[in-house]
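Numbering (my numbering), first residue to last: 4 to 353. All C-beta atoms, glycine included, are put in the ideal place defined by N, C-alpha and C.
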């Protein structure tokens, strides 16, 4: 069986797991007469606020595209914003259907390679974006906790089992990625590890030749690291955009809150709860953090929406930020695949 076939089977299995987790989540939530009550609340919801929530998700993806755009220009391989947007949607889709969002970045690199972007360029850019994103996630939650200490403490209390795990995993991930960007030795050791692993499982045919190619790519990678280290303003710009990106994601529950007719809590209050929830649930190793994110929402927002509305609010919020946006991202992925296939056919015909 080829590597490509194995990947297709793996992604198909992950999609199936995601669908089963979603079905199980809905089965647990919709017990008794909950589903008719949800449909009634959805019918009465303000569609304008729900559309604004969907717009927040487009802006969420747009922020990642903006970071790709400015990093690529700084490193000397300028990408058009529209193409960066395609890669951002691809990352969202495959991150959502793979455990711990592990599939998004490798598939982004794969599609960049199809567009003739070197491995050194793409891997460095993606690693840098993910590292700063992890930092932004931690920073936004910390900032909102400082601004709304009582609400943050209450939310953290509801998530007392998830939050320490999320803090540890995301903090460790950000530290490891920073080390890979700064340390040449760490990056080379990681390269050797993956090549050796590929040889053992027969994905890499010629280990030595692959290693030499990898070391040449690593030299370009290190050059990118030197450029980044000499450009602290780029880090600040990427961090600010990543913070904005996390804010857009955290505003989706506020849009749902207003769509259901509530107005007592401020956007800052909702962002506080959602940023802590995102930090807590993001490291859970299920596709799209399904299960943990839904359950965490029920605990973190119960005092805001009330027990009679919390299930409806959770499903609307997750429906916008995950389920519906998965469909949008899938359509973009198919469009990119068609574009690449047509380009390959055009080149073969020459």
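If you draw a straight line from the C-alpha of residue i to the C-alpha of residue j, how long is it?
i: residue 229; j: residue 130; result: 15 Å
i: residue 272; j: residue 334; result: 34 Å
i: residue 327; j: residue 211; result: 45 Å
i: residue 282; j: residue 82; result: 30 Å
i: residue 209; j: residue 175; result: 33 Å
i: residue 99; j: residue 342; result: 23 Å
i: residue 118; j: residue 337; result: 15 Å
i: residue 354; j: residue 330; result: Because the chain spans 4 through 353 in this model, residue 354 falls outside it and cannot be assessed.
i: residue 137; j: residue 332; result: 22 Å
i: residue 279; j: residue 50; result: 27 Å
i: residue 315; j: residue 199; result: 49 Å
i: residue 239; j: residue 47; result: 43 Å
i: residue 345; j: residue 70; result: 28 Å
i: residue 142; j: residue 155; result: 14 Å
i: residue 340; j: residue 135; result: 28 Å
i: residue 101; j: residue 320; result: 20 Å
i: residue 237; j: residue 74; result: 8 Å
i: residue 179; j: residue 168; result: 16 Å
i: residue 109; j: residue 182; result: 19 Å
i: residue 87; j: residue 53; result: 26 Å
i: residue 145; j: residue 324; result: 22 Å
i: residue 306; j: residue 45; result: 20 Å
i: residue 36; j: residue 264; result: With a pLDDT of 46 at residue 36, under the threshold of 50, the modelled position of that residue is not reliable, and the figure given next carries that caveat. Cα-Cα distance, rounded: 22 Å.
i: residue 368; j: residue 233; result: Any answer about residue 368 is impossible in this case: the structure gives the chain only from 4 up to 353.
i: residue 112; j: residue 254; result: 29 Å
i: residue 79; j: residue 276; result: 39 Å
i: residue 312; j: residue 43; result: 11 Å
i: residue 318; j: residue 202; result: 45 Å
i: residue 268; j: residue 159; result: 18 Å
i: residue 106; j: residue 77; result: 26 Å
i: residue 125; j: residue 161; result: 39 Å
i: residue 308; j: residue 163; result: 20 Å
i: residue 84; j: residue 310; result: 43 Å
i: residue 116; j: residue 219; result: 16 Å
i: residue 157; j: residue 177; result: 26 Å
i: residue 400; j: residue 270; result: With the chain covering only 4 through 353, there is no way to say anything about residue 400.
i: residue 72; j: residue 235; result: 17 Å
Have a look at the options and flag the residue whose alpha-carbon is nearest the alpha-carbon of residue i.
i: residue 216; options: 203, 191, 133, 160; result: 191
i: residue 226; options: 123, 47, 83; result: 123
i: residue 274; options: 285, 265, 252, 266; result: 252
i: residue 287; options: 332, 135, 172; result: 172
i: residue 214; options: 166, 195, 222, 45; result: 195
i: residue 193; options: 221, 313, 203, 177; result: 221
i: residue 285; options: 165, 305, 233, 318; result: 165
i: residue 241; options: 322, 160, 310, 139; result: 139
i: residue 132; options: 233, 218, 243, 313; result: 243
i: residue 322; options: 43, 296, 111, 72; result: 296
i: residue 61; options: 96, 77, 43, 80; result: 96
i: residue 127; options: 270, 106, 231, 235; result: 231
Would residue i pass as an interface residue toward chain C - the criterion being a Cβ-Cβ separation below 8 Å?
i: residue 215; result: Note that chain C does not occur in the displayed structure, where there is just one protein chain.
May I ask whether a heavy atom of the ligand MG can be found less than 7 Å away from the beta carbon of residue i?
i: residue 163; result: No copy of the ligand MG occurs in the structure displayed, which carries no ligand at all.
Inset, instruction - May I ask you to verify whether the segment 140-153 touches the segment 89-96, counting CB pairs closer than 8 Å and requiring at least 3? - result: no
Inset, instruction - Decide yes or no for the touch test of the segment 49-59 against the segment 253-265: beta carbon pairs closer than 8 Å, at least 3 of them. - result: yes
Inset, instruction - Report yes or no: do three or more beta-carbon pairs, one from the segment 63-72 and one from the segment 234-248, lie closer than 8 Å? - result: yes
Legend entry - the segment 180-189 touching the segment 298-307, judged by at least three CB pairs closer than 8 Å: no
Legend entry - alpha helix (DSSP H) runs wholly inside the segment 214-254, at least 4 long, in chain order: none
Inset, instruction - Go through the segment 253-335 residue by residue and report every complete run of the alpha helix (DSSP H) that reaches 4 residues or more, in order. - result: 270-284, 295-303, 305-308, 313-321
Legend entry - Completely contained alpha helix (DSSP H) runs for the segment 125-202, where each covers 4 or more residues: 152-161, 165-185
Legend entry - Sequence ranges, alpha helix (DSSP H) only - wholly within the segment 45-102, length at least 4: 50-78, 84-99
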